[in-house]
Amino acid sequence: MTSHVFVNVRLLDPASGLDAMGGLVVEDGKIVAAGANIRAGDAPEGATVIDGDGHCLAPGLIDSRVFVGEPGAEHKETLASASQSAAAGGVTTIITMPSTKPAIDGVSLVEYMARRRSDDVLVNVVPMAAATKRLEGKEMTEIGLLTNAGAVAFTDGRTAVADASVMMKILKYGRMFDALLVQHPEEPTLSKGVMNAGELSTRLGLSGSTPLAELLMIERDIRLAEATGGRLHFAHVTAAGSLAAVRAAKARGIRITCGVTPPHFALNELVVGDYRTFAKISPPLRAEDDRLAVIEGLKDGTIDVIASGHDPQDAESKRLPFAQAAFGAVGLETLLPVSMELYHNGYLSLLEVIDRLTRRPAELFKLPGGRLAVGAPADLVLFDPDLAIRIDADRFRSKSKNTPFDEQPAQGKVMLTMVGGRVVYSAQA
């Protein structure tokens, strides 16, 4: 039996509302006790005692939007390198996108991803499957079989399911299995630009993608979800009008949820500056009014989860003229410190920030983690929310270094990450 005892830690558990100094005991990969009265003397014989030095101990982060290159583009990211990056970022579960080569649209491929846990893959890997075969948006995949194989949700990744009849069929059929459909909410014919449409894109001479593309797709899909009763999650909502539509639909009781990635609440389109390709992401960075609307959406609960949107690209894909450069930015190692801005700027409490990174994604995707309860997996992150750092892409564990946050000062550092009772990252190592 392996045992660890954390002492002198600030316990943060959004599921129970616990925010107090105390300790936590881990045995054989599970949490067996947590509370204010646990001290080093309570450790079982042979247990490893970890003095948290007053830092925060919370459930490990669950990242619900992670692109990996494996299979098909291992030069950008493998599951092993993504897991090392996740562990360094305090992420204990990555929910992977099916946008690989080949796409994850069959039982054998889902099983391959679900079982890809070995010595070189440090964190839990949970796959989403493609919503349509080959991600082409034309023919629905076998939702029942893929669910049984381990798929926790269905999505076409970077592209929307644009055909309304296909979308309706997926929502209606998926309801039989209580399957979750994750939509990339951009109407494709209006989102062919390379940055946000507006004065800046005009001045830079770059094509723009209008926020209207997002609103149109969201309003259409809300109607389809309402008509079918299917479960629908918008992977990222980035514009004020879209958030108003989601807010109103939730008030009507429609089964929808939505997420956001840190660049969309921490940055605006001005970061593109002089054609900075590391700021080229999809959907694009929006205007300041939209960024502030995203923060309001986080504050009032319209936005359910924060995901990294980790999308590794190699240097050759980014060192191109802005219009030709690839979309995407890595995010696993900046997810926590950038999210801490919401706390340090007074928008959310510390417990509320952790809630959107742990409990809420766990419940949305029906995963066992996301809480500090007895019997829960010992997937944990020990972090200092106040420690000042400077983000340094050269030190990322990810194979790719494309981030708009490089060299940006931040507050928040992961000190230790544990997955299933095993320490997979330590800042002291």
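Numbering (numbering that gives the first Met the number 0), first residue to last: 0 to 428. Cβ coordinates follow ideal geometry from the N, Cα and C atoms, glycine included.
Sufficient close CB pairs (3 or more, under 8 angstroms) joining the stretch 70 to 89 to the stretch 33 to 48: no
CA-to-CA distance, S208 to G89, given in whole angstroms: Looking up residue 89 in the sequence shown gives position 90. Looking up residue 208 in the sequence shown gives position 209. Computed Cα separation, rounded: 33 angstroms.
Same chain, Cβ closer than 7 angstroms to A265, neighbours up to 5 away in sequence not counted: The sequence position of residue 265 within the sequence shown is 266, counting from 1. Answer for A265: V337, E340, listed in chain order.
Cβ contact (3+ pairs, closer than 8 angstroms) linking the stretch 376 to 385 and the stretch 320 to 327: no
Coarse secondary structure for S206, derived from DSSP in three states: Numbered from its first residue, the sequence shown carries residue 206 at position 207. Coil.
P320, buried or exposed, once every other Cβ within 10 Å from all chains shown has been counted against 16: Counted from its first residue, the sequence shown places residue 320 at position 321. P320 comes out exposed.
First and last residue of the uninterrupted alpha helix (DSSP H) at Y424: Here residue 424 is taken as the residue at index 425 of the sequence shown, counted from 1. Unbroken run through Y424 is the beta strand (DSSP E), 421 to 425; no alpha helix (DSSP H).
Which residues DSSP lists as bridging A129, in chain order: Here residue 129 refers to the residue found at position 130 of the sequence shown. Note: A129 sits in a beta bridge opposite T154.
Which listed residue (A19, A33, T146, D119) has its alpha carbon closest to that of V4: In the sequence shown, counting from the first residue as 1, residue 4 sits at position 5. It is A33 whose Cα lies nearest to the Cα of V4.
Assigned exposure category for R290 - 16 Cβ within 10 Å defines buried: Residue numbering aside, residue 290 sits at position 291 when the sequence shown is read from its first letter. By the 10 Å Cβ count, R290 comes out buried.
Cutoff 8 angstroms; reference K365; Cβ partners in own chain excluding five residues on either side: Start at 1 with the first residue of the sequence shown, and residue 365 comes out as number 366. The answer, listed in chain order, is V151.
Per-residue burial, D12 [other beta carbons within 10 Å of its own, 16 or more giving buried]: By 1-based counting over the sequence shown, the position of residue 12 is 13. D12 should be labelled buried.
4-residue-minimum alpha helix (DSSP H) runs that sit fully inside the stretch 247 to 287, ordered along the chain: 261 to 265
Assigned secondary structure, E69 (DSSP; H/G/I helix, E/B strand, else coil): Position 70 of the sequence shown, counted from the first residue, corresponds to residue 69. Three-state DSSP puts E69 in coil, outside helix and strand.
Exposed unless 16 or more other CB atoms sit within 10 angstroms - verdict on E432: Past the edges of the chain, shown from 0 to 428, lies residue 432, and the structure says nothing about it.
Collapsed DSSP secondary structure at L108 in the structure displayed: Here residue 108 refers to the residue found at position 109 when the sequence shown is read from its first residue. Three-state DSSP puts L108 in a helix.
Those residues which DSSP pairs with F5 across a bridge: Here residue 5 refers to the residue found at position 6 of the sequence shown. DSSP output for F5 lists L23, I49 as bridge partner(s).
Residue closest to I61, alpha-carbon to alpha-carbon, out of A87, V67, T92: Against the sequence shown, residue 61 aligns to sequence position 62. Nearest C-alpha to I61: T92.
Burial state of E332 (16 or more Cβ within 10 Å): Taking the first residue of the sequence shown as 1, we reach residue 332 at position 333. Answer is buried; the Cβ neighbour count reaches 16.
Top-ranked residue by Cα proximity to I294, from A239, T227, L334, R254: As a first step, residue 294 is located in the sequence shown; it is residue number 295 there, counting from the start. The residue with the shortest Cα to Cα distance from I294 is A239.
Identity of the residue in M216, V165, T276, Q182 nearest V193 by Cα: The sequence position of residue 193 within the sequence shown is 194, counting from 1. Of the candidates M216, V165, T276, Q182, the one whose C-alpha sits nearest the C-alpha of V193 is T276.
For A234, the three-state DSSP class (helix, strand or coil): To locate residue 234, count along the sequence shown from 1; it is residue 235. Coil, per DSSP.
S348 - DSSP class collapsed to helix/strand/coil: Locating residue 348 in the sequence shown gives position 349, where the first residue counts as 1. Note: S348 maps to coil in three-state DSSP.
Contact check, I255 vs A248, beta carbons under 8 angstroms: To locate residue 255, count along the sequence shown from 1; it is residue 256. To locate residue 248, count along the sequence shown from 1; it is residue 249. Result yes, Cβ atoms of I255 and A248 sit closer than 8 angstroms.
R358: first and last residue of the uninterrupted alpha helix (DSSP H) it sits in: For this step, residue 358 is matched to residue 359 along the sequence shown. Its alpha helix (DSSP H) spans residues 358 to 363.
Start-end ranges of the beta strand (DSSP E) lying completely within the stretch 374 to 404, minimum 3 residues: 379 to 389
R64 in three-state terms, based on DSSP: Counting from 1 along the sequence shown, the entry for residue 64 is found at position 65. Three-state result, R64: strand.
Beta-bridge partners of A509, as assigned by DSSP: Outside the shown range of the chain, which is 0 to 428, sits residue 509, and nothing can be said about it.
Alpha carbon of E141 to alpha carbon of K400, nearest angstrom: To locate residue 141, count along the sequence shown from 1; it is residue 142. To locate residue 400, count along the sequence shown from 1; it is residue 401. When rounded, the distance between both Cα atoms is 36 angstroms.
Nearest-angstrom Cβ-Cβ length linking L347 and G411, presumed shorter than 8 angstroms: On the sequence shown, position 348 is the one that residue 347 refers to. On the sequence shown, position 412 is the one that residue 411 refers to. In fact, because the Cβ distance is near 13 angstroms, the residues do not count as touching under 8 angstroms.
Identity of the residues DSSP links to V181 by a beta bridge: Counted from its first residue, the sequence shown places residue 181 at position 182. DSSP lists T154, H232 as partners of V181.
Three-pair Cβ contact test at 8 angstroms for the stretch 165 to 173 versus the stretch 188 to 203: no
Selection from I280, G16, H74 that minimises the alpha carbon distance to D313: Walking along the sequence shown from the start, residue 313 turns up at place 314. When each option's Cα is compared against that of D313, the closest is H74.
Proximity of V67 and T95 at Cβ, strictly below 8 angstroms: Within the sequence shown, numbered from 1, the residue matching residue 67 stands at position 68. Within the sequence shown, numbered from 1, the residue matching residue 95 stands at position 96. Yes; because the gap between Cβ atoms is below 8 angstroms, this pair is in contact.
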